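K.L.:
Taken in sequence, the protein lines are chains A and B. Take the first sequence: its letter number 59 is residue 49 in our numbering, and every next letter is one higher. Take the second sequence: its letter number 70 is residue 72 in our numbering, and every next letter is one higher. Built from N, CA and C at the ideal position, the CB exists for glycine as well. Please read all numbers here as calculations on a predicted model, not as lab measurements.
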Amino acid sequence: MKHVMRRLLLIALCLLAGTAGAAPAEPNGALLYARNCAACHGESGHGGVGIPLALPAFLASVDDAYLEHTIRLGRPGRVMPAFNRLSDTEIAAIVRHVRGWQHGATPARFSTAPVAGDPTHGAALFAQHCAVCHGDHGQGGHGTGVTFSRPRDLPIIAPALNNTGFLQAATDAMIKATLMHGRAGTPMVSFIEQGLSEQDIDDLVSYVRSLEATATPAPAEPEPAMLMMESPYGLEETVEAVKRAAVGKNFRLIRDQYLEDGLFPEDEVNTRQVMVYFCNFQFLYDALALDPRIGLFLPCRVTVVEQDGKVLVMSVNPKRLGHLFNNAELDRACDEMSRLYTDILEEATL
Amino acid sequence: MMRARCLLAGLLLWVVAAAAVADDMLMVRSSEAFAETMLLLQEAISAQGYTLSRVQRVDIGLTEFGYETDKYRVVFFGKPEEIRSLSARYPELIPHLPLQIAIFAEAEETLLATANPTYLSEAYGDPELTALFLRWEQDLRAILERVRRKK
C-alpha cells in the first residue's frame, strides 16, 4: 500500500509540476507543431487529415487570434481536438511557426466589430450559393478530410460554419473577407466576382453569425467504458455461443485466441481468457471511411473469461470509444456498434 | 492513513481530470514509409520495456471495397506479468488489454494513433488504476515520440 501511495504522490507531483508553469520561457514552436499538429496537418503544413495550413490564401485570410482560438477550442465533432493542455505561450509559438510558411508576409488583422446585415436575406443567399458545399444548415461538407491513402474529391472539406469552435474563432470581419476574396487553391470563390454586392455579403455574414443560436452541441452522456454480462454456461460453451451470436449478426469469424498469446510461452498461457475476433467488412469499410483511426479498435472483439467460478462475457463499449475521436459522423457508427455488441452479449448469455 | 489516501486519490483524479480534457487520441506522423515506420515502432515498443504480442492486419478484404492501400496494421503489446496480474485483479479491464497502436500509410508517410489510456480513469475511479493509466500514457507518448524522431 505504501508503495502505491508513494507512486501516486510522485505522479501527482510530476503532473502538477507539468501544469504549473514548468514550460520553458520560449517554447519551441516547431517542436510543438511536430508533436501536436503534424500528424493531421503534415510536417510542412501541406495537409492530410487536417487542412493545408501552409496554403498562402489560407494564411493570408486568417489572423493570429483565429488560429489561437482554433487550437484552443478545436472543432467539436469535426476531428480537430481542443488543445486544452497547451499554454497560451505554447499556442502562440505554434502560430508563429505556422506563420513562418508565409515567408515574411504581414498577417491579416481583423476588426472584432460585428457586421450589420439582414440574416433572413442572408439565409436565402446561403441556400443559393453556399449550401451546396457547406450544407443546408452550415454543418459542413460530408466527411472529415481523413484520407487513408484514397484520392479525395476536394483538397479541403468545406468547414462547418455552424460549429461552436469556428464561430468563436472567426470574427465577422474575417468571414466577410473570405466571402469577398475567396481562397485561392480551394473551392471557395470570391462572391464579389460571383456578382454579389457588399450588402449581400454582409447579409450572409449575419446569417452565419445567427447560426450560433443553434450551434451548441448536446453534452455527451457519460458512457461505461465496457459492456459486460455474466454467462450461465461454461467457458467453452459461452465461446461457442458468442461465435453463433456474431455470425447471426452477419459478422464473419476471424479467429479466437488467448489474451496471453504472444506474451508467454504456449504452455504457460492462461486458457481461461478467450478473445473472439469477428468482422463485417461492409461495416469495417464504412467506419474506416468515416475515420481511419477507428481501425485501432477493429476487428470486433468479445472476450470470455472464467474466473472465481464465474464466466464473464465482455467487450469495449464503442459508444464510449467514439467520444475519443471527436468525429460526429463516427459517433453514429459507434452507437450502432454498441447496439450490436450488446445484442451479441445478450444472445450469448441467454 | 485512509484519509491521506483519499485526499491523494482525490488530488490525482483532479489532476487527471484537468489534464485529460484534451489528447484523447495520441497521434504522430512519421516521414518514413510504412515498412520503415513499422520497424521503428517495434523497436520503440521493445525499448520502452514492452513485449510485442501480435500484429493484426485490419485491411484484409478491404481492397474489394475500393481501398488503395494494404498498409494498415494494429500492433498489440504489453508487459507479460503486468497483463497477467491486472487481468486477475481487474477482469473488467481485459477488453482494453493489451495496449495497441494503429499504424497506417498515408501516401508516402505513415500515421500512428492510439487512444490515451487516461480516458479510462473516470470509468474505473481506482487510484491504482489511475496511476497505471498515467504511466501507460507516458510510455505511449515516449514510444510515439521515438518513432517520430526516428530514434
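(1) Could you name the residues of the segment 292 to 321 of chain A whose beta carbon sits closer than 8 Å to any beta carbon of chain B, in the order they occur along the chain?
(2) Which partner residues does Glu111 of chain B have in the DSSP bridge list?
(3) Is the separation between the beta-carbon of Leu115 of chain A and that of Leu194 of chain A shorter than 7 Å?
(4) Residues in the segment 102 to 131 of chain B with C-beta within 9 Å of chain A's C-beta atoms, listed in sequence order?
(5) Which residues share a DSSP beta bridge with Ser221 of chain A?
(6) Gly252 of chain A versus chain B: which residues are under 8 Å apart at the beta carbon?
(7) Would the beta-carbon of Arg173 of chain A fall within 7 Å of that of Ala47 of chain A?
(8) Tell me where the beta strand (DSSP E) around Thr53 of chain B begins and ends.
(9) Anything in chain A within Cβ reach of Met29 of chain B, meaning under 8 Å, just list it in chain order.
(10) From the DSSP output, read off the bridge partner residues of Ser187 of chain A.
(11) Using 8 Å for Cβ pairs, my map puts Leu114 of chain B next to Ala104 of chain B. What's the rounded Cβ distance?
(12) For Ala83 of chain A, which residues in the same chain have their Cβ closer than 8 Å to its Cβ, ignoring the five residues on either side in sequence?
(13) Please report the Cβ distance between Ala44 of chain A and Gly35 of chain A, rounded to the nearest whole angstrom; I am assuming they are in contact, meaning their Cβ atoms lie under 8 Å.
(14) Between Tyr92 of chain B and chain A, is there a C-beta pair that is closer than 7 Å?
(15) Taking DSSP as the reference, what is the three-state secondary structure of Gly252 of chain A?
(16) Return helix, strand or coil for Gln158 of chain A, following the three-state DSSP convention.
(17) Going by beta carbon distance, what residues of the same chain come within less than 8 Å of Gly80 of chain B, once the five residues before and after it are set aside?
(18) In or out: Val237 of chain A buried (at least 16 other Cβ within 10 Å) or exposed?
(19) Go through its chain and collect everything with a Cβ distance to Val301 of chain A's Cβ below 6 Å, but skip five positions before and after it.
(20) Do the segment 288 to 295 of chain A and the segment 265 to 272 of chain A meet, that is, are 3 or more Cβ pairs less than 8 Å apart?
P.N.:
On the basis of the data shown:
(1) Thr293, Val295, Gln297, Leu302, Met304, Ser305, Val306, Arg310, Leu311, His313, Leu314, Phe315, Asn316
(2) Start at 1 with the first residue of the second sequence, and residue 111 of chain B comes out as number 109. BP columns for Glu111 of chain B point to B:Glu108.
(3) As a working mapping, residue 115 of chain A is identified with position 125 in the first sequence. As a working mapping, residue 194 of chain A is identified with position 204 in the first sequence. Cβ distance < 7 Å, so Leu115 of chain A and Leu194 of chain A count as in contact.
(4) Gln102, Ile103, Ala104, Phe106, Ala107, Glu108, Ala109, Glu111, Leu113, Leu114, Ala115, Thr116, Ala117, Asn118, Tyr121, Leu122, Glu124, Ala125, Tyr126, Pro129, Glu130
(5) Here the question's residue 221 of chain A lines up with position 231 in the first sequence. The partner list for Ser221 of chain A (beta bridge, DSSP) reads A:Val301.
(6) Here residue 252 of chain A is taken as the residue at index 262 of the first sequence, counted from 1. What Gly252 of chain A touches in chain B: Thr53, Leu54, Ser55, Arg56, Phe78.
(7) If you number the first sequence from 1, residue 173 of chain A lands on position 183. If you number the first sequence from 1, residue 47 of chain A lands on position 57. In this structure, Ala47 of chain A lies closer than 7 Å to Arg173 of chain A by Cβ.
(8) Here residue 53 of chain B refers to the residue found at position 51 of the second sequence. Segment 53 to 59, the beta strand (DSSP E) holding Thr53 of chain B.
(9) To locate residue 29 of chain B, count along the second sequence from 1; it is residue 27. By Cβ distance, chain A contributes Ala29, Cys30, Arg283.
(10) Locating residue 187 of chain A in the first sequence gives position 197, counting from the first residue. In the DSSP output, where bridge partners are listed per residue, Ser187 of chain A has none listed.
(11) The count along the second sequence starts at 1 and reaches residue 114 of chain B at position 112. The count along the second sequence starts at 1 and reaches residue 104 of chain B at position 102. Contact holds; Cβ gap of about 7 Å.
(12) For the purposes of this step, residue 83 of chain A is taken as the residue at position 93 of the first sequence. Within the same chain, Ala83 of chain A has close Cβ partners Glu16, Pro17, Asn18, Gly19, Leu22.
(13) The sequence position of residue 44 of chain A within the first sequence is 54, counting from 1. The sequence position of residue 35 of chain A within the first sequence is 45, counting from 1. Correct: roughly 3 Å between the Cβ atoms.
(14) In the second sequence, counting from the first residue as 1, residue 92 of chain B sits at position 90. For Tyr92 of chain B, the answer is no, since every Cβ of chain A falls outside 7 Å of its Cβ.
(15) As a working note, residue 252 of chain A is residue 262 in the first sequence. Three-state DSSP puts Gly252 of chain A in coil, outside helix and strand.
(16) If you number the first sequence from 1, residue 158 of chain A lands on position 168. Helix.
(17) Translated into positions along the second sequence, residue 80 of chain B becomes position 78. Contacts found: Tyr52, Thr53, Ser55, Leu99, Pro100, Leu101.
(18) Position 247 of the first sequence holds residue 237 of chain A. Burial call: exposed.
(19) If you number the first sequence from 1, residue 301 of chain A lands on position 311. Correct list, in chain order: Ser221, Leu225, Thr228.
(20) yes
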